[in-house]
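Heads up: take any position in the sequence shown, counting from 1, add 247, and you land on my numbering. Taking it in order: structure first as structure tokens, then the write-up.
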Amino acid sequence: MSGDPCDRCEELLQDFLDRTLTDVEWQEAEGHLAGCDFCARRYRFEESLRRYVRTSAVERMPPGLMAKLDELRGLDASV
Ligand SMILES: [Zn+2]
């Protein structure tokens with residue numbers, strides 16, 4: 248690890264988007280995003296990408312596939 252705050256921010260970004268950071272990490276990421284154009288842009292990109300993937304995945308998914316996925320997930324969990 249280089250100690251680069253942007254690397255650290257990238258590391259936190261997925262959890263930031265998932266809203267699963269601790270308070271301390273959240274403040275760290277939010278503070279960095281507020282002051283770093285590069286990471287703020289990356290954050291907005293990731294955020295819109297997620298929204299796009301989520302909506303298009305649901306729209307394009309044929310009926311029954313969702314149930315199939317749940318089934319597979321269930322099998323996976325039982326291993
Ligand atoms: Zn940064």
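Yeah, the Cβ is synthetic: ideal placement off N, Cα and C, and Gly gets one too.
Nearest candidate by alpha-carbon position, reference residue i, set the options
{"i": "LEU264", "options": "CYS283, ALA314, LYS315, ARG298", "result": "ARG298"}
{"i": "ASP251", "options": "ASP262, ARG320, MET313, HIS279", "result": "HIS279"}
Cβ-Cβ separation, residue j to residue i (assumed contact under 8 Å), whole Å
{"i": "TYR290", "j": "LEU260", "result": "6 Å"}
Residue i in three-state terms, based on DSSP
{"i": "LEU264", "result": "helix"}
{"i": "PRO252", "result": "helix"}
{"i": "CYS283", "result": "coil"}
{"i": "GLY311", "result": "coil"}
{"i": "THR269", "result": "coil"}
### Message
With three or more C-beta pairs closer than 8 Å as the rule, is the stretch 270-284 touching the stretch 301-315?
### Response
no
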